[in-house]
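Residue numbers (the working numbering), protein chains in the order written: chain D, 1 to 123; chain W, 1001 to 1373.
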Amino acid sequence: MYPADRQYTRDHEWVRVGEAEAAVGITDFAQRQLGDVVFVELPEVGRRVKQGDVFGTIESVKAVSELFSPISGEVVAVNDDLGLHPDSINKTPHDTWIVRIRPDGPEADAALLDAAAYGDLVQ
Amino acid sequence: MSSSPAVLKKTPLHARHQALGARMMPFAGWDMPVEYSGITDEHVAVRTRVGLFDVSHMGEIELAGGAALAALQAMTSNDAGRLTPGQAQYSALTTPEGTFVDDLIVYRLAADHFLLVVNASNIQKDARWITASAQAHGGDVAVVNASARYALVALQGPGAEAVLATLTDIDLAGLKYYWFEHGEVAGLRCTVSRTGYTGENGFEILLPPADAVRLWDALLAAGAEVDIRPCGLGARDTLRLEACMRLYGNEMDETVTVLEAGLGWIIAWDKGDFTGRDRLEAQRARGVDRQLIAFEMIDRAIGRHGYAVLDQGRPAGVVTSGTQTPFLKKAIGMAMVPAALVSVGQALQIEVRGRVAGARVVPEPFYKRPPRR
């Protein structure tokens, strides 16, 4: 149900680590809770984040939710397409990245969940 | 940390909402649908086709008797004496300070019989207040909290009339805005009014709770070929905000006068005395210190309920309601601001989570439906 090619946080973000960068988004569970996304506030490229830092917000019609960084590193890209199409987060949450982060190093395992553990969490 | 919540009340349509997969949430002590297919989808459906709302949680209070009109006149701001039986009006139940106990719709059922439709969050308060006011007024007037006797659904949108017409012999074309008629819809006895809280053409239908499910099913079936949507409280809120309709608890409460809420038009100054009239008159004479305005965001941000409005960097007012509207696709809202900032075009600063975002005062309403009648 939740893609195995990535890890998850208890705050419903996903992080998929690539060769040089990690892509970050929110899960299907999160987008369903939020409702129709109308606005995403993105950090500046170059911003340094620590695991757990608020790096942006995601707003639905009714509510504002903070986005917590799953890993520590430097923001190297933000998805500007979300300005015109915030609803892609609702339509394809696992294929829509919000930021890309160059990780500082391997993260403490305890903070991140694998697909099975995340699936259990949101059951 | 939390105590167990009181059991939530359910409208007669509760099982229907769950069967339709609605996301439910507590509102004013009721378990209500927030959205079914999504707030945006439902909002757009009402603006372009037709939507159906369950608003049975709202309250209905009846006044009857030879002194009912006089008692009602004394406790409300608008002139119920102007109403012909079959006619309704928007009004305020006022405190001695000229502030809102509630905003409501007054229906004149007969010369001596009135139905007040009030906010769900204020039913008990209103019933006590109206009863006490009527007793204080004296004379032949009875007050009944009849909320348990009514279900209420709203059919709203440019396609609402055509859908309703397939189910009733009531002459809808002849039913003017803010008028109502008793008749049958889908074979069920109802009261149909051309009223609503969306800014669209549409109808609200009062009927016994036992018949609500059959009416709901009939309306959804009749609207199926124009792709009707059941709509929840989420879309109800974004629609009414686009139309600049006020929400008790946001735009007004017992600390806001009728003039500060920008609702001077529901004050009938020449109908005679009513609770709070002299305070309102004094306020009218010297001018309000603060007033509700409509705003649009200029910067990319959404000004939401509770966010501060700044004047020269210092908090001066507050956003009362705000959202990104699914139809106009703009960030809009209403705010209570000092009199100095009340003019169309006035630039505003709104504090959005620690940053300052620019907005401007715009004329009401944000959205006006194309003329139809």
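All C-beta atoms, glycine included, are put in the ideal place defined by N, C-alpha and C.
- Restricting attention to R1214(W), T1195(W), A1173(W), W1179(W), the CA atom closest to the CA of R1189(W) is found in R1214(W).
- Annotated three-state conformation of W97(D) is coil, per DSSP.
- Neighbours of E1035(W) across chain D, judged by C-beta separation under 7 Å: G35.
- Per DSSP, the continuous beta strand (DSSP E) segment holding Y1107(W) begins and ends at 1100-1110.
- Beta-bridge partners assigned by DSSP to S65(D): I58(D).
- A check of alpha carbon separations from V1256(W) across L1328(W), A1092(W), F1366(W) identifies A1092(W) as the nearest.
- Scanning its chain for C-beta atoms nearer than 6 Å, with the 5 sequence neighbours on each side dropped, one finds around I89(D) the residues Q31, V37, T96, in chain order.
- Contact of G1038(W) with chain D by beta-carbon distance below 7 Å involves G35, D36.
- With a beta-carbon spacing of about 6 Å, A1218(W) and L1167(W) fall inside the 8 Å limit used to define contacts.
- Within chain D, the residues placing a beta-carbon under 8 Å from that of P1326(W) are D36, V38, V61, ordered along the chain.
- Between the stretch 1304-1314 of chain W and the stretch 1345-1353 of chain W, the count of Cβ pairs shorter than 8 Å is three or higher; the stretches touch.
- With respect to the 8 Å criterion, V1288(W) and A1210(W) are not classified as neighbours on the basis of their beta carbons.
- For G1086(W) against W1179(W), the beta-carbon gap comes to about 6 Å, under 8 Å, which counts as contact.
- In this structure, the alpha-carbon of F1053(W) lies about 5 Å from that of A1154(W).
- For S72(D), same chain residues with a beta-carbon under 6 Å away, outside a window of 5 residues either side, are K50, Q51, D104 in chain order.
- Of all alpha-carbon atoms in S1077(W), D1112(W), P1096(W), M1025(W), the one lying nearest the alpha-carbon of Y1090(W) is that of S1077(W).
- Judged by DSSP secondary structure, G1345(W) falls outside any beta strand (DSSP E); it is assigned neither H nor E.
- Shown in chain order are the members of the stretch 1298-1309 of chain W whose Cβ falls below 9 Å from a Cβ of chain D: R1300, A1301, I1302, R1304.
- At a cut-off of 8 Å between C-beta atoms, T1238(W) counts as an interface residue with respect to chain D.
- Looking at the DSSP output, D1311(W) shares a beta bridge with R1314(W).
- With a cutoff of 8 Å on beta-carbon distance, P1230(W) and V1044(W) are scored as not near each other.
- Within the stretch 1008-1082 of chain W, complete beta strand (DSSP E) segments of at least 3 residues are found at 1023-1027, 1030-1035, 1051-1054, 1059-1064, given in chain order.
- A check of alpha carbon separations from R100(D) across F29(D), V54(D), P93(D), G25(D) identifies G25(D) as the nearest.
- Identification of chain D residues near G1234(W) by a Cβ-Cβ cut-off of 8 Å yields G35, V61, K62, ordered along the chain.
- Taking 8 Å as the cut-off, the beta carbon of F1027(W) is found closer than this to the beta carbon of L1233(W).
- When beta bridges are read from the DSSP output, E1181(W) appears opposite V1192(W).
- R32(D): member of the alpha helix (DSSP H) spanning 28-34, first to last residue.
- Contact annotation for T1323(W) against chain D: V61 [CB-CB distance below 7 Å, chain order].
- Here the stretch 1182-1202 of chain W does not lie against the stretch 1011-1020 of chain W, with fewer than 3 beta-carbon pairs under 8 Å apart.
- Separation of L1116(W) and V1144(W) (C-alpha to C-alpha, rounded to the nearest whole angstrom) is 10 Å.
- By the Cβ test, the stretch 1240-1253 of chain W is not in contact with the stretch 1053-1072 of chain W, since fewer than three Cβ pairs between them sit closer than 8 Å.
- For H1137(W), the uninterrupted alpha helix (DSSP H) segment begins and ends at 1123-1137.
- With a beta-carbon spacing of about 12 Å, G1199(W) and G1051(W) fall beyond the 8 Å limit used to define contacts.
- For Y1090(W), the enclosing beta strand (DSSP E) has its first and last residue at 1088-1094.
- The three-state reading of DSSP puts E1251(W) in coil, since its state is none of H, G, I, E or B.
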